[in-house]
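Read through the structure below, which is laid out as structure tokens, and then see the notes.
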Amino acid sequence: MTLFRAYQEEARYFKYAFNAAGKVVEEAPLIVSPDKGILSRAMDASHIAMAVLEMPWEMFDEYEAPTEEDELIYGLDMEEVTRIVRRARVTDEFTLEAESEDEVIVKLASGGYEREFRLRSIEVEDIPDEPELDYTVEVTVVPDFVQDAVRDADLVSDTVKVGVEDGTFYFKAEGERGVVQPKVREGAEALLSFDAEENVETAYPLDYLKDMIQAAQGAESVIIRLGEDMPLELEFRIGPAGEGRLKFYLAPRVEE
Amino acid sequence: MTLFRAYQEEARYFKYAFNAAGKVVEEAPLIVSPDKGILSRAMDASHIAMAVLEMPWEMFDEYEAPTEEDELIYGLDMEEVTRIVRRARVTDEFTLEAESEDEVIVKLASGGYEREFRLRSIEVEDIPDEPELDYTVEVTVVPDFVQDAVRDADLVSDTVKVGVEDGTFYFKAEGERGVVQPKVREGAEALLSFDAEENVETAYPLDYLKDMIQAAQGAESVIIRLGEDMPLELEFRIGPAGEGRLKFYLAPRVEE
Amino acid sequence: MTLFRAYQEEARYFKYAFNAAGKVVEEAPLIVSPDKGILSRAMDASHIAMAVLEMPWEMFDEYEAPTEEDELIYGLDMEEVTRIVRRARVTDEFTLEAESEDEVIVKLASGGYEREFRLRSIEVEDIPDEPELDYTVEVTVVPDFVQDAVRDADLVSDTVKVGVEDGTFYFKAEGERGVVQPKVREGAEALLSFDAEENVETAYPLDYLKDMIQAAQGAESVIIRLGEDMPLELEFRIGPAGEGRLKFYLAPRVEE
């Protein structure tokens with residue numbers, strides 16, 4: 001008996017999003033809601049980062065939502081999920097479904113054959129609420145910029161400052177060897193939108209950002225939300241028309 | 001003086017076949033037969049797998065067979081062979097030849113230059129006979145399927161069951177983390193032929209299969225032969241018209 | 001205030017040259033000359049190899065040479081430089097500039113964003129003179145040949161002989177496992193020029209050559225200069241019309 005089923009022609013929307021989420025959080029719930037679609041919210045073990053995944057039913061080509069009124073909740077070992085999605089080709093057909101409350105099934109189909117992965121559902125702890133934050137800055141950039149910026153910063157430090165100053169959105173890392181500063185100015189084609197109430201600059205741990213930007217490969221754009229000494233929010237739109245979302249929240253680096 | 005010489009315009013037929021064979025067996029004879037072409041048969045050190053290579057003269061664009069009536073026999077350190085063929089570009093021209101009974105020469109030519117590798121012939125032990133087995137199942141699949149199936153199975157176990165059940169050919173691996181089951185059904189484009197007298201399922205060690213499927217890259221199709229509790233046979237056709245063959249035999253996993 | 005500035009539309013000319021130089025020498029001066037362009041000459045720590053980089057102003061699309069009569073001299077930690085250029089895409093726009101005598105700035109721009117790397121200038125020791133040598137052999141080959149030859153040789157030995165014999169330019173490595181001999185004959189398309197006063201053969205340490213050939217990817221051709229028991233000279237032409245040069249000198253292997 002099928003409890004729920006969600007099918008998408010292109011695995012690439014899930015490959016990179018699940019991979020990035022699985023590098024940030026160790027385990028996560030999979031909340032299958034009759035009306036809202038498939039959701040997940042989890043914090044990493046050290047409570048520095050949160051991953052929020054929203055996959056509304058509309059982002060699937062075919063789906064069977066649960067018929068019960070209540071949500072179905074599964075627990076995922078995200079390292080396992082990461083290992084599975086890494087085996088997906090971007091052109092594979094992707095199915096997420098369940099026949100029982102004990103396991104989740106991922107199916108990858110291509111070229112006339114099918115690969116089925118059954119994942120035992122694990123116990124998950126309390127599901128965290130998503131924070132509500134009053135950001136003063138929201139910028140949208142091409143995924144390449146964030147990927148380059150984070151990897152460049154990694155050359156000299158394990159901390160990166162992210163900020164805006166007078167129409168420029170920048171990353172800045174300083175180390176003994178030198179300073180790395182990737183930036184993009186208002187009006188540049190790589191800066192898709194820019195909305196800043198004030199100039200801000202806040203430091204974040206680079207390790208988490210390196211994991212989060214793994215999602216950039218499957219995304220058309222990346223939204224970054226900032227405020228002085230506030231968490232950073234990274235939002236990737238996924239799905240054929242960007243119906244789904246993968247959001248990360250990252251706490252600022254506390255100065256030692 | 002040339003004792004034998006075999007030339008093929010495309011190194012790719014040999015690159016992947018020798019690479020896979022060299023990962024399975026440590027050393028192997030190179031039997032140069034006046035009429036049958038170039039052959040090899042060897043077991044791995046733990047006698048779990050056998051590699052059989054058949055390269056009839058017809059698969060070469062040019063050749064000089066030995067003029068003597070007897071076969072020439074060289075001994076190859078297959079790790080060395082693997083290292084050489086890994087250096088071949090798929091578009092290189094490939095020559096296998098010998099000027100003496102002491103060494104085998106591999107030549108790779110491309111873009112107007114030539115790279116010559118002279119391999120000292122080593123002592124090889126008795127050459128094993130090829131087993132004659134009464135399989136009850138023979139299926140032909142696209143190489144991608146076998147590659148995906150073996151690598152998927154590797155996510156959860158070091159053993160994989162290979163079987164057929166009612167028109168479906170499948171691999172199945174079970175571990176603590178879950179179950180992985182790649183499969184292809186009769187009628188699917190990835191299943192090129194299907195011939196099964198009975199349903200069978202036998203377990204094999206995954207490590208060997210991971211090495212063997214390295215040959216898939218240079219092959220058009222893969223033939224798999226099975227029988228209950230019998231060795232698995234994997235056959236890759238190589239050469240411009242599939243004149244050559246690389247076959248592997250793999251003993252079932254003994255339950256502990 | 002800009003002390004000097006050199007801009008090139010394509011980072012690829014610098015990516016591979018700086019990468020190779022940075023693998024051979026640990027630190028190097030950057031000599032910015034009002035008339036000659038940007039130069040560098042440095043020996044590796046064990047004084048076996050020298051790297052010489054010549055980037056005349058003409059190889060840049062835009063430049064501001066120093067206005068003073070004297071040269072500006074910066075010291076580069078070449079490991080840092082290597083890490084930066086490895087982050088460059090071949091299609092990035094490349095700028096090398098300085099605003100002070102304390103640091104050098106590398107800018108990579110692409111897709112509407114800019115990445116700025118500020119490198120602290122370090123103390124460099126005496127700048128070596130370039131040797132003047134009377135070679136008896138000069139050959140020009142396609143970069144692929146040198147790359148293949150060095151990597152092939154690496155299969156069997158840590159020393160390689162480089163030589164010419166009767167119209168053939170060759171590399172030769174001998175080990176317990178066999179002999180590897182890449183070669184190219186006069187008249188072959190891969191041998192762009194051949195000028196030999198005598199047959200020579202000299203042995204060189206392979207480790208250095210493996211680092212040096214990293215520059216081949218950005219080059220159209222490689223000039224090799226040789227003489228019996230003399231250093232080997234490898235010259236890569238870089239820039240849109242080959243205006244720039246990266247030269248390596250490598251001392252012969254002393255027989256033990």
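Chains as they are written, first to last, in this note's numbering: chain A, 1 to 256; chain R, 1 to 256; chain Z, 1 to 256.
Note that CB positions come from ideal geometry on N, CA and C, so glycine has one too.
Inside the stretch 143-226 of chain R only - alpha helix (DSSP H) runs reaching at least 4 residues: As summarised for the stretch 143-226 of chain R, the continuous alpha helix (DSSP H) elements at least 4 residues long and confined to that stretch are 143-153, 206-212, given in chain order.
Which whole-angstrom value describes the C-beta separation of Ala20 (chain R) and Gln214 (chain R), a residue pair presumed to lie in contact below a C-beta threshold of 8 Å? Confirmed, about 4 Å.
Identify the residues that DSSP records as bridge partners of Gly37 (chain A): which are they? Listed as beta-bridge partners of Gly37 (chain A) by DSSP are A:Ser33.
Would you say Lys161 (chain A) lies against chain Z (beta-carbon separation less than 8 Å)? False, the Cβ-Cβ gap to chain Z never drops below 8 Å.
Pick helix, strand or coil for Phe236 (chain R), following the three-state DSSP scheme. DSSP, reduced to helix, strand and coil, places Phe236 (chain R) within a strand of the structure shown.
Can you list, in chain order, the residues of its chain with a C-beta nearer than 6 Å to that of Ile31 (chain A)? Leave out the 5 residues immediately preceding and following it. Hits under 6 Å: Leu39, Glu71, Ile73.
Give me the Cα-Cα distance between Glu116 (chain R) and Arg185 (chain A), rounded to the nearest whole angstrom. C-alpha separation (whole angstroms): 55 Å.
If we require 3 or more residues per run, which beta strand (DSSP E) segments fall completely within the stretch 11-80 of chain R? Complete beta strand (DSSP E) runs here, min 3: 27-33, 37-43, 49-55, 62-64, 72-77.
Below-8 Å beta-carbon distance, Gln8 (chain R) vs any chain A residue: Taking a beta-carbon distance threshold of 8 Å, Gln8 (chain R) does not count as an interface residue toward chain A.
If you draw a straight line from the C-alpha of Glu10 (chain A) to the C-alpha of Asp92 (chain A), how long is it? Using only the alpha carbons, I get a separation of about 6 Å.
Show which residues of chain Z have a CB atom less than 7 Å away from the CB atom of Asp144 (chain A). Correct list: Gly111.
Whose C-beta lies closer than 6 Å to the C-beta of Glu243 (chain A) among residues of the same chain, with five residues either side of it excluded? Answer for Glu243 (chain A): Pro56, Glu58, Met59, listed in chain order.
Give the interface partners of Glu114 (chain A) over in chain R, defined as CB-CB distance under 9 Å, in chain order. For Glu114 (chain A), the C-beta contacts it makes with chain R under 9 Å involve Gln181, Pro182, Lys183, Val184, Arg185, Ala188, in order along the chain.
Have a look at Z:Lys247, Z:Ile84, Z:Met230, Z:Ile223 and flag the residue whose alpha-carbon is nearest the alpha-carbon of Thr140 (chain Z). Per the Cα distances, Z:Ile223.
Interface residues of chain Z facing Phe117 (chain R) [CB-CB closer than 7 Å]: Here the neighbours are Gly178, Val180.
I'd like the list of long-range same chain contacts for Gly178 (chain A), defined as Cβ closer than 8 Å, with 5 residues on each side in sequence excluded. So the qualifying residues of the chain are Val156.
Check the Cβ of Glu97 (chain R) against every Cβ in chain Z and list those closer than 7 Å, keeping chain order. Taking a Cβ-Cβ cut-off of 7 Å, Glu97 (chain R) has no neighbours in chain Z, whose nearest Cβ is about 14 Å from it.
If I'm right that Arg225 (chain A) touches Glu233 (chain A) with Cβ under 8 Å, what's the distance once you round it to whole angstroms? With 8 Å as the limit, Arg225 (chain A) and Glu233 (chain A) qualify as a contact, their Cβ atoms being about 4 Å apart.
Is the beta carbon of Arg237 (chain A) closer than 8 Å to that of Ala251 (chain A)? Between Ala251 (chain A) and Arg237 (chain A), the C-beta gap is not smaller than 8 Å, which leaves the two residues out of contact.
At the level of alpha carbons, what is the spacing between Glu201 (chain A) and Gly187 (chain A)? Those two C-alpha atoms are separated by around 21 Å.
Considering only residues of the same chain and omitting the five flanking positions on each side of Met1 (chain Z), which have a CB-CB separation below 7 Å? Once the five neighbours on either side are set aside, the close Cβ partners of Met1 (chain Z) are Glu99.
Name the chain A residues that come within less than 8 Å of Asp77 (chain Z), Cβ to Cβ? Within chain A, the C-beta atoms nearer than 8 Å to that of Asp77 (chain Z) come from Arg177, in chain order.
Around the Cβ of Ser193 (chain A), are there at least 16 other Cβ atoms within 10 angstroms (buried) or fewer (exposed)? Ser193 (chain A) should be labelled exposed.
Only counting the same chain, and skipping five residues up and downstream in sequence, which positions put a Cβ closer than 6 Å to that of Asp61 (chain Z)? Same-chain partners within the cutoff: Tyr7, Gln8, Glu9.
Going along chain A in order, which residues have a C-beta closer than 8 Å to the C-beta of Arg151 (chain R)? Within chain A, the residues Arg87 have their CB atoms less than 8 Å from the CB of Arg151 (chain R), given in chain order.
Since Asp148 (chain R) meets chain A, which of its residues come closer than 7 Å, beta carbon to beta carbon? Within 7 Å of the CB of Asp148 (chain R), the CB atoms of chain A belong to Arg115, in sequence order along the chain.
Does any residue of chain A have a CB that is nearer than 8 Å to the CB of Arg12 (chain Z)? At a cut-off of 8 Å, the C-beta of Arg12 (chain Z) has no neighbouring C-beta in chain A.
Candidates A:Glu189, A:Pro34, A:Arg120, A:Val164: closest to Val142 (chain A) by CA position: Of A:Glu189, A:Pro34, A:Arg120, A:Val164, the residue nearest in Cα terms is A:Glu189.
Spell out the partners DSSP gives Ser121 (chain A) in its beta bridges. Bridge pairing for Ser121 (chain A): absent [DSSP].
Does the stretch 196-210 of chain Z come close enough to the stretch 153-167 of chain Z to have 3 or more Cβ pairs within less than 8 Å? Yes, since at least three Cβ pairs between the stretch 196-210 of chain Z and the stretch 153-167 of chain Z fall closer than 8 Å, the two stretches touch.
Got a sec: which bits of the stretch 39-70 of chain R sit with their beta carbon under 8 Å from any beta carbon on chain Z, in order along the chain? Interface annotation for the stretch 39-70 of chain R against chain Z: empty, criterion Cβ-Cβ distance under 8 Å.
Distance check for Tyr113 (chain A) and Tyr63 (chain A), CA to CA, integer angstroms please. For Tyr63 (chain A) and Tyr113 (chain A), the distance between alpha carbons rounds to 21 Å.
Is it true that the CB of Met230 (chain R) sits closer than 8 Å to the CB of Leu133 (chain R)? Closer than 8 Å, so yes.
Can you tell me which of the three DSSP states Ile127 (chain Z) falls into? Ile127 (chain Z) carries a coil assignment under DSSP once its states are collapsed to helix, strand and coil.
Does DSSP classify Arg87 (chain R) as helix, strand or coil? If DSSP states are grouped into helix, strand and coil, Arg87 (chain R) belongs with coil.
Under 8 Å Cβ-Cβ, which residues of chain A neighbour Leu191 (chain R)? Simply Gly112, Tyr113.
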